[in-house]
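Scroll down for the structure; my scribbles are underneath it.
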Amino acid sequence: MDTSDTHAAHLERAVAVAVANVAADGGPFGALLVTSDGQVFEGANRVTSTNDPTAHAEVVAIRAACAALGTFDLRGSVLYASCEPCPMCLAAGLWARVDAIWFAADRGDAARAGFDDATFYEFFAEAPEDRSPPVRRQRTASSGEPFDAWRALDSHTGY
Ligand SMILES: Nc1nc2[nH]cnc2c(=O)[nH]1
Numbered sequence: 015m016d017t018s019d020t021h022a023a024h025l026e027r028a029v030a031v032a033v034a035n036v037a038a039d040g041g042p043f044g045a046l047l048v049t050s051d052g053q054v055f056e057g058a059n060r061v062t063s064t065n066d067p068t069a070h071a072e073v074v075a076i077r078a079a080c081a082a083l084g085t086f087d088l089r090g091s092v093l094y095a096s097c098e099p100c101p102m103c104l105a106a107g108l109w110a111r112v113d114a115i116w117f118a119a120d121r122g123d124a125a126r127a128g129f130d131d132a133t134f135y136e137f138f139a140e141a142p143e144d145r146s147p148p149v150r151r152q153r154t155a156s157s158g159e160p161f162d163a164w165r166a167l168d169s170h171t172g173y
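Residue numbers in the sequence shown follow this note's numbering, run continuously in steps of one, and reach 173 at the last position.
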């Protein structure tokens, strides 16, 4: 059973990864993915160094764990982040099926350092028709075909 000391120790490490990443010209974000058997996978923000806007610390940690473990399902794992996950990272944690997410600093702290995490949460709080940039549906004749093909295939790998 994880104690609050365990969570604090993992968060301290995520924060240390974030601080070290600043000196390496990366964003001030670090994350740890800890599996149920205690394996630890670290991620540091790599957005500017790899020209990848999705390379947030949490996503980097999830990708490292999935690549090393050979799975897309991290059930039983816990994601620790130096800062509250942005909506993308939160969704990545959901898709990875992690059991819990813990964070240290919050979206307000990130905003004070010039990051848009809080702004992007506000995007989802807006009514869909008021969101900017707009996200609009355009039905097409073939839009159902991918799901038809998926349902028709007995051997598909669900996730
Ligand atoms: N939590 C988090 N927020 C961010 N905002 C910009 N980059 C990041 C990141 O790597 N992690």
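Each residue gets a CB set at the ideal place from its N, CA and C atoms; glycine is no exception.
From residue i to residue j, what does the alpha carbon distance come to, in whole angstroms?
i    : j    : result
A32  : A163 : 43 Å
S156 : D168 : 21 Å
T154 : E143 : 20 Å
Q53  : N59  : 20 Å
A69  : V61  : 5 Å
R165 : A110 : 22 Å
D113 : A82  : 19 Å
T20  : E26  : 10 Å
D51  : Y173 : 22 Å
H170 : S18  : 40 Å
P160 : A22  : 44 Å
E140 : P67  : 23 Å
C103 : G158 : 28 Å
R151 : A105 : 21 Å
Can you name, in chain order, every residue of its own chain whose Cβ lies under 7 Å from the Cβ of residue i, other than the five neighbours on each side?
i    : result
P99  : E72, G107, I115, F117
A127 : P42
D123 : C97
V29  : G44, S96, A118
F134 : C100, P101
F86  : C80, Y173
R145 : F137
Thinking C-alpha only, which one of the options is nearest residue i?
i    : options               : result
F138 : F129, G128, V149      : V149
D16  : G172, D123, D168, G90 : G90
I76  : F55, S96, D66, F134   : F55
G41  : D131, P147, A81, R165 : D131
A47  : F161, L88, E140       : Residue identity check: residue 47 is Leu in the sequence provided, not Ala. Cα-wise, what sits closest to L47 is L88.
V92  : E159, T49, A105, A78  : T49
A38  : H24, T64, L104        : T64
Could you tell me if the beta carbon of residue i falls within a distance shorter than 8 Å of some heavy atom in ligand 1?
i    : result
A71  : yes
G122 : no
A95  : yes
G107 : no
E39  : Contrary to the premise, residue 39 reads as Asp rather than Glu in this sequence. For ligand 1, not one heavy atom lies less than 8 Å from the Cβ of D39.
N180 : The requested residue 180 does not occur in the structure, where the chain is confined to residues 15 to 173.
D51  : no
A30  : no
V61  : yes
Short of 8 Å in beta carbon distance, which residues of its chain neighbour residue i, apart from the five on each side in sequence? Order them along the chain.
i    : result
N35  : G41, P42, F43, G44, A58, N59, A71
A125 : D131, A132, T133
Leaving out five residues before and five after residue i in sequence, what residues of the same chain have Cβ atoms less than 6 Å from its Cβ?
i    : result
R121 : E98, D131, A132
With 9 Å set as the bound, which would you pick, yes or no: does the beta-carbon of residue i sit closer than that to a beta-carbon of chain D?
i    : result
A155 : The chain inventory of the structure shown lacks chain D, comprising one protein chain alone.
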